[in-house]
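First up is the structure itself, then whatever we jot down about it.
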Amino acid sequence: MSTPNAAAGQDPEKNATSIHSINQQNDANSNDDGGSNKYIGAGDGVELLSSKESDPIMANKMHLVNNALDEIGWTGFHWKLFFLSGFGYCVDALQLSLQGIISVQAVLEFQPSYTKGLTIALYIGMLVGALFWGFFADIIGRKTAFNISLFICSIFTIVAGASPNWASLASFSSSCRPTSSGC
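Counting in our numbering, the sequence shown tops out at residue 188, every number present.
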């Protein structure tokens, strides 16, 4: 397996040198009494990476990954991933908001109705979705599962909006939640 620096054509000995320099910086950042920085908090100017309380191997790995990410920069792929993931989280949050908005009016409109019925249906759907889509996404792939789940969620949301009674509204709302919270 190649490292990010090896893929960029850099010498592995240079990586060892940079790790050695990181260790020297960590030694220089320790307190005068020979101890380590005990308290890492806001306002003291101590970074987590310079603390001896953290794992030095993990600190070195964090430095290497951060440096590799700085070299790569922010590309078009990152923008695409940012917006697609953002739309997915938006759909998830929108489903919760819609449930909160319509539940009061649905109780007033549909008789017999249950005041907490939509909330129960929502959380049952979230439980089923978390169990199902995690395994299913591993089988068919995350990208395909994400697209399928958003499509199914949109269909069930539209159908739930046209529900003529309480039972169909609760069932379609419950059917929509597994798809919006799955991936």
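Heads up, the beta-carbon is just placed ideally off N, CA and C, and yes, glycines get one too.
Please read these numbers as outputs of a predicted model, since none were measured by experiment.
Going by the CB atoms, is the gap between residue j and residue i shorter than 9 Å?
| i | j | result |
| --- | --- | --- |
| Gly130 | Ser178 | yes |
| Gly134 | Pro183 | yes |
| Gln110 | Leu127 | no |
| Thr162 | Leu74 | no |
| Ile153 | Ile145 | yes |
Excluding sequence positions up to five away, which residues of its chain have a Cβ less than 7 Å from the Cβ of residue i?
| i | result |
| --- | --- |
| Phe190 | Because residue 190 is not part of the residues shown, which for the chain are 6 to 188, the question remains open. |
| Asn170 | Phe115 |
| Ala175 | Gly122, Leu123, Ala126 |
| Ser168 | Leu174, Phe177 |
| Val164 | Phe177 |
What is the C-beta distance between residue i and residue j, in whole angstroms, given that I count them as a contact (C-beta under 8 Å)?
| i | j | result |
| --- | --- | --- |
| Cys158 | Val112 | Not quite, the Cβ-Cβ distance comes to about 23 Å (not below 8 Å), so this is no contact. |
| Gly93 | Leu155 | 7 Å |
Between the Cα of residue i and those of the options, spot the shortest distance and give me the residue it belongs to.
| i | options | result |
| --- | --- | --- |
| Pro117 | Asp60, Cys181, Ser180, Ala172 | Ala172 |
Grab me the residues of residue i's own chain with a C-beta within less than 6 Å of its C-beta, minus the 5 sequence neighbours each way, in chain order.
| i | result |
| --- | --- |
| Asp37 | With a pLDDT of only 46 at Asp37, under the threshold of 50, the placement of this residue in the model should not be trusted; the figure read from the coordinates follows. None. |
| Ser108 | Leu123 |
| Ser180 | Phe161 |
| field | Segments of 3+ residues assigned as beta strand (DSSP E) that fall wholly inside the stretch 99-146 | value | Taking only runs of at least 3 residues, no beta strand (DSSP E) segment lies wholly in the stretch 99-146.
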